[in-house]
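**Q** Encoded as structure tokens, here's the structure I'll be asking about.
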Ligand SMILES: Cc1cc2nc3c(=O)[nH]c(=O)nc-3n(C[C@H](O)[C@H](O)[C@H](O)COP(=O)(O)OP(=O)(O)OC[C@H]3O[C@@H](n4cnc5c(N)ncnc54)[C@H](O)[C@@H]3O)c2cc1C
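Chains as they are written, first to last, in my numbering: chain S, 1 to 231; chain W, 232 to 545.
Below is the structure:
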């Protein structure tokens with residue numbers, strides 16, 4: 001991915017806001033060559049690795065990218081239930097999963113991804129207090145959001161899910177799935193429109209929504225009739 | 232950068248100008264306001280606005296051809312270069328308190344001496360049985376989002392505007408066949424797009440026809456026309472215009488016309504001093520990205536004048 005000088009400066013500035021040291025796990029298909037170099041056959045893996053490495057380089061050593069090969073380390077892949085690559089995992093110190101990206105977070109998905117990294121490292125998100133206030137009323141949940149790189153509503157919706165996942169420290173976990181990279185998962189969930197969000201394998205929301213909408217949905221507020229928007 | 236963290240903004244501060252929206256009109260306004268050295272904050276529900284949903288823009292002066300998303304990326308870069316803060320949030324109501332306004336989202340209160348409302352529009356729904364049931368399962372409001380799911384399938388676009396024509400042209404790139412279903416007698420697209428539609432072998436127009444129902448099982452299978460005929464189809468793209476997002480303006484008594492569009496004058500002023508409006512939410516007869524930007528820029532200038540007149544001590 002090519003960034004302009006101005007963009008790189010902005011990214012550097014934003015990475016400079018990281019607070020705690022964090023690790024992201026990146027699962028790819030690399031094979032270590034005799035000379036020690038890593039060869040990745042999957043193109044999206046190579047591109048995702050390069051993107052994450054660039055963020056690591058701009059992070060003043062706050063961000064560490066731990067690349068794990070599903071080919072060379074089947075055990076870890078199994079432990080984290082990784083069957084698709086590339087997969088980026090935000091996990092806590094007890095290996096509890098918070099966010100799973102089955103996507104290459106580039107183009108307009110890049111900024112929401114960068115924001116997630118910031119929040120993961122302790123930057124206080126805008127809606128944190130409101131979500132925390134209601135957290136007790138929300139049961140353990142999983143949310144999957146299906147996206148494509150060309151969908152303009154997706155970058156506005158992905159951060160809503162990842163925000164809840166990060167603030168709830170994984171009580172509400174989020175999976176971001178690019179259906180172009182994972183057509184089989186798209187088929188399984190019969191995705192014909194994006195963004196599409198599946199909550200606890202039951203409820204489906206088409207279109208985008210705000211943090212308040214999702215909070216209402218998770219808390220089970222009955223007084224608002226809410227469907228996804230295309231505003 | 233967006234979704235800025237709370238530490239970077241000051242909720243106690245009274246901004247010179249708060250711009251509502253994340254589309255071309257809002258960003259145009261914010262860029263000028265920043266260059267007038269105003270303390271400006273942009274609060275938008277989403278970034279990019281409606282233009283980001285179109286695959287190609289060929290009428291924004293100085294840019295021959297670009298995707299809607301690409302155009303808004305350029306807006307974003309320009310905004311970034313001026314360090315204009317942006318918050319992703321939806322404003323629900325506005326109150327006047329002493330010499331300033333208070334803007335309420337679900338969770339936060341923002342304060343400003345002046346406001347530019349550029350909240351655009353929301354896609355109009357067809358309102359027929361099956362539309363809601365099959366949303367995301369064959370019914371779509373965004374070709375760039377969902378077009379790729381209909382590769383080699385047969386789809387229809389409902390509507391006869393320039394936007395509908397452009398959606399049909401985009402869909403024709405990958406689908407087997409696109410029907411434009413329009414209740415009128417002649418599509419109202421820009422001549423250049425009309426010509427492209429006519430010349431495209433994959434596109435066929437069905438005139439003087441309305442859809443009264445969308446049917447299917449798991450996904451859309453057919454539509455029923457107002458003449459009773461059932462027509463087999465895999466996807467229905469609804470492009471029948473939009474309604475203005477003016478509820479927030481109405482909450483403080485901003486005047487709107489019968490369509491719900493905010494009434495503005497040539498200075499982008501509304502009936503309430505200090506509140507300006509721009510873009511698709513306002514009452515101009517022709518709505519485009521460039522006209523929205525223009526109204527937004529004028530709103531910035533008028534807001535600058537308004538705040539200057541207030542003689543606020545900095
Ligand atoms: C398919 C299609 C193709 C088009 N092609 C072209 C083209 O080629 N050239 C062209 O010039 N125009 C084109 N248009 C028209 C163009 O998209 C609009 O004129 C333009 O986007 C209007 O800009 P705006 O900023 O006024 O509103 P919008 O772009 O609609 O933006 C409104 C913004 O306000 C936000 N918002 C809404 N409510 C709130 C709230 N309560 N609080 C905070 N924020 C809120 C929204 O999230 C959004 O960010 C096209 C439109 C369509 C549908």
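Quick reminder that beta carbons are idealized off the backbone N, C-alpha and C, glycines included. Everything numeric in this text was worked out from a predicted model, so none of it was measured.
Counting only Cβ-Cβ distances shorter than 7 Å, please list the residues of the segment 402-428 of chain W near chain S, keeping chain order.
**A** Within the segment 402-428 of chain W, no residue qualifies.
**Q** Applying a beta-carbon distance threshold of less than 8 Å, which residues of chain S neighbour residue 585/W?
**A** Residue coverage of chain W in this structure runs from 232 to 545, which leaves residue 585/W outside it and unanswerable.
**Q** Is residue 463/W helix, strand or coil by DSSP?
**A** Residue 463/W falls in the strand class under three-state DSSP.
**Q** Please confirm whether residue 192/S has its beta-carbon closer than 7 Å to some beta-carbon of chain W.
**A** Closer than 7 Å: yes.
**Q** Could you tell me if the beta carbon of residue 255/W falls within a distance shorter than 6 Å of some heavy atom in ligand 1?
**A** Yes - ligand 1 has a heavy atom lying nearer than 6 Å to the Cβ of residue 255/W.
**Q** When you compare the CB positions of residue 335/W and residue 324/W, do they come within less than 7 Å of one another, or not?
**A** In this structure, residue 324/W lies closer than 7 Å to residue 335/W by Cβ.
**Q** Could you have a look at residue 379/W and say whether DSSP puts it in helix, strand or coil?
**A** Helix, per DSSP.
**Q** With a threshold of 6 Å (Cβ to nearest heavy atom), would residue 213/S be considered close to ligand 1?
**A** Checking every heavy atom of ligand 1 against the Cβ of residue 213/S, none is found closer than 6 Å.
**Q** Within a Cβ cutoff of 7 Å, which residues of the same chain sit near residue 67/S, ignoring the five residues on either side of it in sequence?
**A** 26, 28, 30 and 49.
**Q** I'd like to confirm something about residue 349/W: is its beta-carbon nearer than 6 Å to some heavy atom of ligand 1, or not?
**A** Residue 349/W: yes, Cβ under 6 Å from ligand 1.
**Q** Can you check which of these residues, 35/S, 195/S, 87/S and 216/S, is closest to residue 380/W by C-alpha distance?
**A** Of 35/S, 195/S, 87/S and 216/S, the residue nearest in Cα terms is 195/S.
**Q** Please work out which residues of its chain come closer than 6 Å, Cβ to Cβ, to residue 518/W, disregarding the five sequence neighbours upstream and downstream, and give them in chain order.
**A** Counting only Cβ-Cβ distances below 6 Å, and skipping sequence neighbours, we find 511.
**Q** Give me the DSSP bridge partner(s) of residue 343/W.
**A** Note: residue 343/W sits in a beta bridge opposite 246/W and 332/W.
**Q** Which two residues bound the contiguous beta strand (DSSP E) that contains residue 173/S?
**A** Residues 172-178.
**Q** Which residues in the same chain have their Cβ closer than 6 Å to the Cβ of residue 112/S, if we skip the five residues on either side of it in sequence?
**A** So the qualifying residues of the chain are 155, 158 and 159.
**Q** Applying the 10 Å Cβ sphere with the 16-neighbour rule, what's the burial state of residue 539/W?
**A** Its Cβ having fewer than 16 others within 10 Å, residue 539/W is exposed.
**Q** Let me know the secondary structure DSSP gives residue 103/S once reduced to three states.
**A** Reduced to three states, the DSSP call for residue 103/S is coil.
**Q** May I ask you to list the residues that DSSP assigns as paired with residue 260/W?
**A** In the DSSP output, where bridge partners are listed per residue, residue 260/W has none listed.
**Q** Would the beta-carbon of residue 386/W fall within 7 Å of that of residue 406/W?
**A** It is a contact, given that the beta carbons lie within the stated cut-off.
**Q** Name the two residues that bound the continuous beta strand (DSSP E) containing residue 65/S.
**A** 63-69 is the extent of the beta strand (DSSP E) around residue 65/S.
**Q** Assuming residue 256/W and residue 524/W make a contact with CB atoms under 8 Å, what is their CB distance in whole Å?
**A** Right, their Cβ atoms sit about 6 Å apart.
**Q** Could you check whether the Cβ of residue 3/S sits closer than 7 Å to any Cβ belonging to chain W?
**A** So no, residue 3/S is outside the interface.
**Q** Pull out every residue of the segment 198-217 of chain S whose Cβ sits closer than 9 Å to any Cβ of chain W, in chain order.
**A** Those would be 204, 205, 206, 207, 208, 210, 211, 212 and 215, in chain order.
**Q** CA-CA distance, residue 402/W and residue 208/S?
**A** Rounded to whole angstroms, residue 402/W to residue 208/S spans 22 Å at the Cα level.
**Q** Is residue 321/W a contact residue of ligand 1, with contact defined as CB to any heavy atom under 6 Å?
**A** Answer for residue 321/W: yes, Cβ within range of ligand 1.
**Q** Taking only runs that begin and end inside the segment 130-190 of chain S, name each unbroken beta strand (DSSP E) of 3 or more residues, in chain order.
**A** Here the runs fully enclosed are 141-147 and 172-178.
**Q** Going by the DSSP bridge assignment, what does residue 224/W pair with across the sheet?
**A** Given a span of 232 to 545 for chain W in the structure shown, any question on residue 224/W remains unanswerable.
**Q** Using CA coordinates, which residue listed in 270/W, 282/W and 367/W is at the minimum distance from residue 306/W?
**A** Here the closest residue by C-alpha is 282/W.
**Q** Any beta carbon of chain W sitting closer than 7 Å to that of residue 152/S?
**A** At least one chain W Cβ lies under 7 Å of residue 152/S.
**Q** With DSSP collapsed to three states, give me the class of residue 126/S.
**A** Three-state result, residue 126/S: coil.
**Q** Rounded to whole angstroms, what's the CA-CA distance from residue 15/S to residue 8/S? Just pull it up for me.
**A** Distance between the alpha carbons of residue 15/S and residue 8/S is about 10 Å.
**Q** Could you name the residues of the segment 446-478 of chain W whose beta carbon sits closer than 7 Å to any beta carbon of chain S, in the order they occur along the chain?
**A** Those residues of the segment 446-478 of chain W that come within reach of chain S (Cβ to Cβ, closer than 7 Å) are 449, 450 and 476.
**Q** Does residue 374/W come within less than 7 Å of chain S when only Cβ atoms are used?
**A** Not closer than 7 Å to any Cβ of chain S, the Cβ of residue 374/W fails to qualify, so no.
**Q** With 16 as the cutoff for other CB atoms within 10 Å, does residue 293/W come out buried or exposed?
**A** Flag for residue 293/W reads exposed.
**Q** Under 8 Å by Cβ, that's how I've got residue 177/S and residue 144/S pegged, so tell me the actual separation to the nearest angstrom.
**A** Indeed they touch by this definition, with Cβ atoms about 6 Å apart.
**Q** Nearest-angstrom Cα distance between residue 352/W and residue 21/S?
**A** Roughly 42 Å between the two C-alpha positions.
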